[in-house]
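Protein chains: 4
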Amino acid sequence: MVLPKKDSTTATLLVSCSDRPGLVAALSQLLFALGLNILDSDQHTDSSAEKFFQRIRFDLAVRDSGSVIDEATLLGAIREVADRHEMEWDLRLDRDVPRMAIFVSKTDHCLYDLLLRHRSGELHCDIPLIISNHPDLEPIAEQFGIDYRVYPITKDTKTAQEQLEIELLREYRIDLVVMARYMQILSDQMIEAFPKRIINIHHSFLPAFQGGRPYHQAYSRGVKRIGATAHYATLDLDEGPIIEQDVQRVSHRDTPKDLVRKGRDVERTVLSRAVAWHLDGRVLVYDNKTVVFD
Amino acid sequence: MVLPKKDSTTATLLVSCSDRPGLVAALSQLLFALGLNILDSDQHTDSSAEKFFQRIRFDLAVRDSGSVIDEATLLGAIREVADRHEMEWDLRLDRDVPRMAIFVSKTDHCLYDLLLRHRSGELHCDIPLIISNHPDLEPIAEQFGIDYRVYPITKDTKTAQEQLEIELLREYRIDLVVMARYMQILSDQMIEAFPKRIINIHHSFLPAFQGGRPYHQAYSRGVKRIGATAHYATLDLDEGPIIEQDVQRVSHRDTPKDLVRKGRDVERTVLSRAVAWHLDGRVLVYDNKTVVFD
Amino acid sequence: MVLPKKDSTTATLLVSCSDRPGLVAALSQLLFALGLNILDSDQHTDSSAEKFFQRIRFDLAVRDSGSVIDEATLLGAIREVADRHEMEWDLRLDRDVPRMAIFVSKTDHCLYDLLLRHRSGELHCDIPLIISNHPDLEPIAEQFGIDYRVYPITKDTKTAQEQLEIELLREYRIDLVVMARYMQILSDQMIEAFPKRIINIHHSFLPAFQGGRPYHQAYSRGVKRIGATAHYATLDLDEGPIIEQDVQRVSHRDTPKDLVRKGRDVERTVLSRAVAWHLDGRVLVYDNKTVVFD
Amino acid sequence: MVLPKKDSTTATLLVSCSDRPGLVAALSQLLFALGLNILDSDQHTDSSAEKFFQRIRFDLAVRDSGSVIDEATLLGAIREVADRHEMEWDLRLDRDVPRMAIFVSKTDHCLYDLLLRHRSGELHCDIPLIISNHPDLEPIAEQFGIDYRVYPITKDTKTAQEQLEIELLREYRIDLVVMARYMQILSDQMIEAFPKRIINIHHSFLPAFQGGRPYHQAYSRGVKRIGATAHYATLDLDEGPIIEQDVQRVSHRDTPKDLVRKGRDVERTVLSRAVAWHLDGRVLVYDNKTVVFD
Numbered sequence: 023m024v025l026p027k028k029d030s031t032t033a034t035l036l037v038s039c040s041d042r043p044g045l046v047a048a049l050s051q052l053l054f055a056l057g058l059n060i061l062d063s064d065q066h067t068d069s070s071a072e073k074f075f076q077r078i079r080f081d082l083a084v085r086d087s088g089s090v091i092d093e094a095t096l097l098g099a100i101r102e103v104a105d106r107h108e109m110e111w112d113l114r115l116d117r118d119v120p121r122m123a124i125f126v127s128k129t130d131h132c133l134y135d136l137l138l139r140h141r142s143g144e145l146h147c148d149i150p151l152i153i154s155n156h157p158d159l160e161p162i163a164e165q166f167g168i169d170y171r172v173y174p175i176t177k178d179t180k181t182a183q184e185q186l187e188i189e190l191l192r193e194y195r196i197d198l199v200v201m202a203r204y205m206q207i208l209s210d211q212m213i214e215a216f217p218k219r220i221i222n223i224h225h226s227f228l229p230a231f232q233g234g235r236p237y238h239q240a241y242s243r244g245v246k247r248i249g250a251t252a253h254y255a256t257l258d259l260d261e262g263p264i265i266e267q268d269v270q271r272v273s274h275r276d277t278p279k280d281l282v283r284k285g286r287d288v289e290r291t292v293l294s295r296a297v298a299w300h301l302d303g304r305v306l307v308y309d310n311k312t313v314v315f316d
Numbered sequence: 023m024v025l026p027k028k029d030s031t032t033a034t035l036l037v038s039c040s041d042r043p044g045l046v047a048a049l050s051q052l053l054f055a056l057g058l059n060i061l062d063s064d065q066h067t068d069s070s071a072e073k074f075f076q077r078i079r080f081d082l083a084v085r086d087s088g089s090v091i092d093e094a095t096l097l098g099a100i101r102e103v104a105d106r107h108e109m110e111w112d113l114r115l116d117r118d119v120p121r122m123a124i125f126v127s128k129t130d131h132c133l134y135d136l137l138l139r140h141r142s143g144e145l146h147c148d149i150p151l152i153i154s155n156h157p158d159l160e161p162i163a164e165q166f167g168i169d170y171r172v173y174p175i176t177k178d179t180k181t182a183q184e185q186l187e188i189e190l191l192r193e194y195r196i197d198l199v200v201m202a203r204y205m206q207i208l209s210d211q212m213i214e215a216f217p218k219r220i221i222n223i224h225h226s227f228l229p230a231f232q233g234g235r236p237y238h239q240a241y242s243r244g245v246k247r248i249g250a251t252a253h254y255a256t257l258d259l260d261e262g263p264i265i266e267q268d269v270q271r272v273s274h275r276d277t278p279k280d281l282v283r284k285g286r287d288v289e290r291t292v293l294s295r296a297v298a299w300h301l302d303g304r305v306l307v308y309d310n311k312t313v314v315f316d
Numbered sequence: 023m024v025l026p027k028k029d030s031t032t033a034t035l036l037v038s039c040s041d042r043p044g045l046v047a048a049l050s051q052l053l054f055a056l057g058l059n060i061l062d063s064d065q066h067t068d069s070s071a072e073k074f075f076q077r078i079r080f081d082l083a084v085r086d087s088g089s090v091i092d093e094a095t096l097l098g099a100i101r102e103v104a105d106r107h108e109m110e111w112d113l114r115l116d117r118d119v120p121r122m123a124i125f126v127s128k129t130d131h132c133l134y135d136l137l138l139r140h141r142s143g144e145l146h147c148d149i150p151l152i153i154s155n156h157p158d159l160e161p162i163a164e165q166f167g168i169d170y171r172v173y174p175i176t177k178d179t180k181t182a183q184e185q186l187e188i189e190l191l192r193e194y195r196i197d198l199v200v201m202a203r204y205m206q207i208l209s210d211q212m213i214e215a216f217p218k219r220i221i222n223i224h225h226s227f228l229p230a231f232q233g234g235r236p237y238h239q240a241y242s243r244g245v246k247r248i249g250a251t252a253h254y255a256t257l258d259l260d261e262g263p264i265i266e267q268d269v270q271r272v273s274h275r276d277t278p279k280d281l282v283r284k285g286r287d288v289e290r291t292v293l294s295r296a297v298a299w300h301l302d303g304r305v306l307v308y309d310n311k312t313v314v315f316d
Numbered sequence: 023m024v025l026p027k028k029d030s031t032t033a034t035l036l037v038s039c040s041d042r043p044g045l046v047a048a049l050s051q052l053l054f055a056l057g058l059n060i061l062d063s064d065q066h067t068d069s070s071a072e073k074f075f076q077r078i079r080f081d082l083a084v085r086d087s088g089s090v091i092d093e094a095t096l097l098g099a100i101r102e103v104a105d106r107h108e109m110e111w112d113l114r115l116d117r118d119v120p121r122m123a124i125f126v127s128k129t130d131h132c133l134y135d136l137l138l139r140h141r142s143g144e145l146h147c148d149i150p151l152i153i154s155n156h157p158d159l160e161p162i163a164e165q166f167g168i169d170y171r172v173y174p175i176t177k178d179t180k181t182a183q184e185q186l187e188i189e190l191l192r193e194y195r196i197d198l199v200v201m202a203r204y205m206q207i208l209s210d211q212m213i214e215a216f217p218k219r220i221i222n223i224h225h226s227f228l229p230a231f232q233g234g235r236p237y238h239q240a241y242s243r244g245v246k247r248i249g250a251t252a253h254y255a256t257l258d259l260d261e262g263p264i265i266e267q268d269v270q271r272v273s274h275r276d277t278p279k280d281l282v283r284k285g286r287d288v289e290r291t292v293l294s295r296a297v298a299w300h301l302d303g304r305v306l307v308y309d310n311k312t313v314v315f316d
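Chains as they are written, first to last, in this note's numbering: chain A, 23 to 316; chain B, 23 to 316; chain C, 23 to 316; chain D, 23 to 316.
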């Protein structure tokens with residue numbers, strides 16, 4: 023993997039549709055005819071669902087011309103093929119850097135992990151905004167030069183406050199919302215405003231230990247591994263499409279407090295992986311599941 | 023770890039009791055006074071449950087005497103200290119090799135793993151008996167020179183057949199029953215006949231995917247890791263004390279059949295680890311959980 | 023992944039060549055024009071080496087015709103495209119089941135792992151032959167109905183014996199040789215007779231602990247993980263292209279004997295993975311390295 | 023594990039000596055006689071080296087007295103038993119918080135990981151000082167309120183600069199030096215000034231890829247896992263006692279730059295684990311190896 027740069031001439035095309043003959047040929051032929059070079063291509067067919075998925079990374083530089091393809095020409099050509107084969111598609115030009123907002127409460131380990139990875143070039147995005155229901159983590163936002171907005175949430179104010187948050191997210195032209203241990207349940211209006219565009223980290227190995235205080239549940243059940251799950255937020259809490267999961271060994275020596283502490287490592291790792299994959303255009307959603315191209 | 027041999031003069035003492043001062047001193051003093059040498063000692067206190075646990079491996083050879091301690095003397099001395107401190111205890115002499123029976127149905131991967139590890143000296147036990155509800159795996163038993171008894175189970179015959187199995191297990195003086203993908207739910211009489219002496223492998227990462235066809239559940243939920251759980255069988259199905267768990271990465275490319283296949287590796291590994299630890303006297307049960315000394 | 027069957031109409035095409043425009047399009051167009059459907063396609067470009075690699079799984083059933091493509095037609099069409107783009111290529115029809123021979127000495131864990139996985143359908147091959155320098159493992163071969171030939175090796179007889187082995191391998195039409203803890207160093211004639219067709223398991227995490235008794239080296243260095251490496255055998259011992267590696271945690275409690283025992287698990291896992299990937303046509307070799315498509 | 027607090031009345035005693043009878047009894051009897059309660063005890067005997075190791079965590083509160091034991095009394099009693107059995111020993115009172123200095127160059131991932139874990143209570147130490155040969159990371163030190171001193175190093179100034187560093191470390195009463203990707207080789211004077219008190223992270227799975235640019239070595243060898251090694255610094259570079267190692271999967275898709283990036287995760291994890299274990303008094307050194315009690 024080579025990390026894309028903002029002056030990059032590379033692009034990623036994500037396609038999904040009903041399986042039928044000639045899809046790979048149609049897509050590669052499309053790009054070849056435009057004089058564009060495929061850098062990386064990965065394809066998957068789910069035989070039982072009869073669904074086809076493809077991810078193509080390609081170069082926008084037109085062969086033998088020295089110039090970059092005109093965006094309208096490219097879009098028109100893709101649209102033509104996509105319509106013919108009834109494809110859903112998503113084109114991401116690496117020079118169009120996605121804009122990510124992070125929601126936090128008081129816990130900072132996932133936030134720091136995202137910010138540090140972003141600074142070291144691992145996350146292909148801009149992070150202009152952090153939203154929280156508490157003021158506690160503002161100093162971190164300041165260190166990294168990111169706007170920090172506080173929207174305290176009570177039962178009564180929730181709907182109104184979230185409405186303000188949605189407006190702010192739009193104002194900042196946010197493409198992806200990451201809930202980095204944000205301890206509020208999002209209401210339907212927020213989820214519907216950013217479909218497949220909100221990633222949450224759940225501090226358990228779903229579907230085990232749904233609901234509150236999963237580490238205490240894990241402790242009292244005496245499990246030997248604890249886990250974390252990154253998933254897209256959907257209307258059904260804890261039921262959205264899973265992007266990534268991992269676990270960590272624990273033992274009888276670990277108190278609930280130790281589980282919380284050990285859980286932090288796996289939470290931040292799993293969340294950051296899921297965010298990076300989403301930003302790299304590796305994740306496709308279907309049937310409440312994900313295809314994650316590596 | 024040095025594997026114990028049948029002519030070994032080593033022993034393992036497992037102790038659990040309410041926490042109170044002087045327990046470690048009392049136990050080590052006991053062995054020192056008898057002229058016995060501690061080889062390895064591990065101790066754990068659960069502060070919230072106020073429970074004390076210790077595992078001591080020691081040599082039965084009496085210091086400066088050239089001879090091995092008399093068993094009655096040893097038992098008497100332990101009993102005296104244990105009574106004084108209200109300890110539950112279990113003494114295992116390595117020369118007394120435990121006798122293990124394996125229950126199977128038609129699937130052979132866990133059975134083979136146990137038999138091969140046993141033959142290469144990894145499991146400190148004899149395996150005189152395999153019981154099944156199907157005749158399919160008899161040839162494997164024959165290859166390893168182990169008696170194979172078939173008890174077909176139907177709804178109507180279950181109680182009677184299990185009664186016969188219990189009698190057979192007693193006749194063979196079985197200390198440990200291992201359910202190596204035995205596809206029958208044991209009835210209460212069997213579980214009560216071998217309390218904390220039946221180890222089961224559940225083909226999921228409990229408590230996720232309890233009940234039937236867990237790999238199909240995992241597939242339809244779109245998880246990114248599948249797991250297996252080895253636990254003691256108790257009256258509540260899938261709820262017994264967990265001894266070991268592990269997981270394996272899966273992806274969108276895996277069909278339910280692939281999950282079953284990949285699951286086999288983690289099932290056999292997890293089950294064999296749990297069995298080896300039990301046989302090494304590393305596992306203590308309390309509050310439906312386990313202490314596993316390493 | 024769906025395991026191929028012998029009556030399968032699927033095929034795998036492996037291609038490598040210098041990178042240039044239009045390769046993906048040329049290959050997908052080729053198959054589309056023949057009326058063949060791509061099931062799975064994975065592609066990689068090594069930018070620094072300017073090399074292109076692709077693996078295409080496709081169906082031999084001709085679209086809308088009800089019949090399977092004629093092999094000569096297919097080969098001719100591939101050859102035409104391959105010649106035009108100076109591609110190296112390898113076509114594997116899943117109905118042509120590869121034939122694998124296993125070399126062993128006295129240790130049986132890798133052998134058993136391969137044979138059991140083969141029997142449960144995880145390895146797409148036939149295993150007609152086991153060769154050893156010792157008679158010890160013949161009973162295992164018998165259980166699985168496989169020919170077992172013993173060629174004792176001494177310094178003086180090595181060249182002659184290996185010559186006989188090569189002849190035998192040819193007689194059995196062997197496609198792949200797997201050294202499953204075969205404790206002899208192959209001479210150049212053997213390696214040259216089966217280029218990129220001999221897989222060896224080295225019982226260390228190469229390039230650490232090259233040479234003899236790696237577990238004892240690991241013990242005296244006090245490492246915290248031991249590993250194993252599966253690689254193609256080349257003229258430079260321990261220097262062939264690596265297919266797979268993995269490690270296992272060890273601690274100060276482990277004696278050299280324990281390391282050997284724990285190492286067995288990682289050896290057999292790593293070897294079996296490498297063999298399965300080779301048989302599935304997932305491995306391409308270049309610059310003494312491998313591309314392993316997943 | 024419960025993290026020790028500065029007002030804690032707990033202590034850890036680490037003991038090593040030649041193996042002989044009665045050591046466990048002598049130590050537990052010692053504490054019992056003083057009215058002190060053992061919280062946790064772990065013991066190991068290396069039979070081949072005939073060495074005995076024990077770690078005892080105990081409470082300084084004297085039974086039935088309501089007060090904490092007098093330090094001189096405790097030391098005297100330990101000294102008496104230790105002299106009798108020729109034990110090396112180390113007593114750590116949790117109220118005496120160790121003082122740690124971190125050496126860095128320009129890379130910040132290990133530094134951040136240590137500082138964030140420290141702030142969340144995972145590392146039992148104070149961190150009053152960061153030393154660097156470059157000014158780059160000073161802003162991070164400021165954010166965390168830690169003194170940052172720059173000592174530029176050239177071939178000619180090295181000895182003199184290190185002498186100043188040693189003086190500064192003494193002035194700050196530093197107990198542990200952590201080299202968090204400090205890109206200078208320490209000279210002998212520094213290592214001898216802090217024997218077994220300097221922890222280094224080596225960005226490879228030692229002993230593979232010793233020396234410079236290990237990720238480039240790993241890339242050109244085509245390995246499938248990269249690793250990191252935390253060890254005590256000794257006069258022989260890369261040869262000190264290993265405290266912890268881990269690896270991460272890589273593939274043909276990873277460029278040397280990707281390996282560097284992926285390596286950061288395993289480097290910081292491995293280093294932080296090693297530092298936490300050292301600070302918890304879990305690590306004993308002998309024969310250029312470590313015992314790490316868990």
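Even for Gly, the Cβ is constructed at its ideal location relative to N, Cα and C.
If you measure between the beta carbons of PRO120(A) and ASP197(A), is that distance less than 9 Å? A contact, by the Cβ cut-off of 9 Å.
Please classify ALA182(B) as buried or exposed, where buried requires at least 16 neighbouring CB atoms within 10 angstroms. It counts as exposed.
Let me know if ASP135(C) comes out buried or exposed under the rule of 16 or more other beta-carbons within 10 Å of its beta-carbon. When all chains shown are included, ASP135(C) counts as buried.
On a CA-only basis, which of ASP81(A), HIS131(A), ALA123(A), GLU144(A) is nearest LEU115(A)? Give me that one, please. Cα-wise, what sits closest to LEU115(A) is ASP81(A).
Can you tell me whether DSSP reads THR181(A) as helix, strand or coil? Of the three classes helix, strand and coil, the one that applies to THR181(A) here is helix, per DSSP.
Just to confirm, is the Cβ distance from HIS300(B) to ILE248(B) under 9 Å? ILE248(B) sits away from HIS300(B), with the two beta carbons spaced by 9 Å or more.
Inter-residue spacing [alpha-carbon to alpha-carbon] between ILE220(A) and ALA255(A): About 6 Å.
With respect to the beta strand (DSSP E) encompassing THR312(D), which residues constitute its N-terminal and C-terminal limits? From DSSP, the beta strand (DSSP E) with THR312(D) extends over 311-314.
Tell me, which residues are paired with GLU108(B) by DSSP? Looking at the DSSP assignment, GLU108(B) forms no beta bridge with any residue, so it has no partner.
Would you verify that the beta carbon of THR291(D) is, or is not, closer than 9 Å to some beta carbon of chain A? For THR291(D), the answer is yes, since a Cβ of chain A falls inside 9 Å of its Cβ.
Expressed to the nearest angstrom, what Euclidean distance is found between the alpha-carbon atoms of VAL297(B) and ALA71(A)? Cα to Cα, VAL297(B) sits roughly 40 Å from ALA71(A).
For chain D, check one thing: does any of its Cβ atoms lie closer than 9 Å to the Cβ of ARG275(A)? Closer than 9 Å: yes.
Put HIS300(B) into one of helix, strand or coil per three-state DSSP. Helix at HIS300(B).
By how many angstroms is the C-alpha of VAL292(A) removed from the C-alpha of ILE91(A)? Each residue's alpha carbon lies about 37 Å from the other.
Coarse secondary structure for CYS147(C), derived from DSSP in three states: The DSSP-derived three-state label of CYS147(C) is coil.
Roughly how many angstroms separate the alpha carbons of LYS73(B) and ILE223(D), rounded to a whole number? Cα to Cα, LYS73(B) sits roughly 39 Å from ILE223(D).
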